[in-house]
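Below is one structure, written out as structure tokens, with a few remarks after it.
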Amino acid sequence: MTATSSTAPPPKPLRIAVLEADFPLDGTAAKYGSYGGVFGSLLTKAASALGWDASQHLQVSHYDVSRNQLFPQSLDDLDAILITGSRANAFDNIPWIVQLVDYTRNVLTTQTRVRVIGVCFGHQIISRALGCEVVRSEIGWEASVCPVPLNEHGSQLFEGKKTLNIFQMHRDIVTAVPKGAVNIGATDRCSIQGLYSPGKFISVQGHPEFTDEIVTEILTSRHDLGVFTDEEYGDMMGRVENEHDGVVIAKAFLRFVVEGLE
């Protein structure tokens, strides 16, 4: 997939199912309802940036997979699934995570039409579903807006950019690239920052859907709980209002899905 600044609208509405692997904190929930709402907002912005009428060219549904184990009943009604981030660990074997891994593996290996998008935890779930290990990083957290240097593959996906500025919120990492996929970039805290497999899946370790308000709420909550030290919190908050490339990444997601309709 070679990125361009604009893409012709799809011949029919893109049907994207957001698999919600978590629920937001109170402030974010009050504004967006759920992480499905957060992604709906981002994808609408990306569609508009591509010159589409989102009300005609985009249909976003969402399913609570973490609390209620709700999944789309039929892939025939979808063009893509998008797996969100989560405070949970993708390497855990609690029932809903195992079910999500199995579901993702089924989508990736039993059909070729419906495409898969993974964000943070979702990126890790795709990797686990394809046999790659996900582990806790010994280096620690990568959080707030961070620059991610892209390799040639990543640059081609994201409009020729050499670096993506993206919100991060993780300390777990993928340890290997699945067969048939490529890595898109690396930082000193995470050597696999995203994956791309033509016609199958695209993922990023960061959070294109996050805003400074969402991340401020998360950072403050986790600092209050003792997850982040005062020094870490100060550093992360110092970058929270930096410009980021969330819409650029979401545009790549939409281009990836629309390719499957051509």
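The opening position of the sequence shown corresponds to residue 486 in the numbering used here, with each subsequent residue numbered one higher.
Even glycine gets a Cβ: it sits at the ideal position worked out from N, Cα and C.
A quick note: this is a predicted structure, and the numbers were derived from the prediction, not measured.
Looking at C-alpha atoms only, which residue of Val733, Val700, Cys675 and Val732 is the closest neighbour of Lys724?
-> A small fix is needed here, since residue 724 is Arg in this sequence, not Lys. Taking the Cα of Arg724 as reference, the smallest distance to any Cα among Val733, Val700, Cys675 and Val732 is reached at Val700.
Note the first and the last residue of the continuous alpha helix (DSSP H) segment covering Ala532.
-> Ala532: member of the alpha helix (DSSP H) spanning Tyr520 to Ala534, first to last residue.
Residue range of the unbroken alpha helix (DSSP H) whose run includes Glu716 = Counting along the chain, the alpha helix (DSSP H) containing Glu716 begins and ends at Asp715 to Met722.
First and last residue of the beta strand (DSSP E) that includes Gly603?
-> Where Gly603 is concerned, the enclosing beta strand (DSSP E) stretches over Arg600 to Val604.
Does DSSP put His638 in a helix, in a strand, or in coil?
-> Residue state for His638 is assigned as helix, using DSSP reduced to three classes.
So what's Ile624 in DSSP terms, helix, strand or just coil?
-> Annotated three-state conformation of Ile624 is coil, per DSSP.
Kindly indicate the opening and closing residues of the beta strand (DSSP E) around Ser676.
-> That residue, Ser676, is in no beta strand (DSSP E); it is neither H nor E in DSSP.
Going by Cα to Cα distance, which pick from Asp697, Gln641, Lys685 and Gly684 is closest to Gly670?
-> Of the candidates Asp697, Gln641, Lys685 and Gly684, the one whose C-alpha sits nearest the C-alpha of Gly670 is Gln641.
Do you know offhand how far Glu728's Cα is from Glu623's?
-> Straight-line spacing of the CA atoms in Glu728 and Glu623 works out to 28 Å.
Give the single residue among Asp697, Thr595 and Phe652 whose Cα lies nearest to the Cα of Val604.
-> Nearest C-alpha to Val604: Phe652.
With 16 as the cutoff for other CB atoms within 10 Å, does Arg613 come out buried or exposed?
-> That one is buried.
Rounded separation between Gly537 and Gly570 - CA only | The identity of residue 537 in the sequence shown is Trp, whereas the question assumes Gly. Roughly 26 Å separates the two Cα atoms.
At what residues does the beta strand (DSSP E) containing Leu567 begin and finish?
-> Segment Ala565 to Ile568, the beta strand (DSSP E) holding Leu567.
Residues bridged to Gln544 [DSSP beta-bridge criterion] | Paired residues: Arg500.
Taking the Cβ atom as the reference point for each residue, do Ile568 and Ile501 lie within a distance shorter than 7 Å?
-> Not in contact: Ile568 and Ile501 (Cβ atoms no closer than 7 Å).
Coil, strand or helix - Ser706 by DSSP | Here Ser706 sits in helix by DSSP.
Could you check how far apart the C-beta atoms of Leu499 and Val742 are, in whole angstroms? I think they sit under 8 Å.
-> Confirmed, Cβ separation roughly 5 Å.
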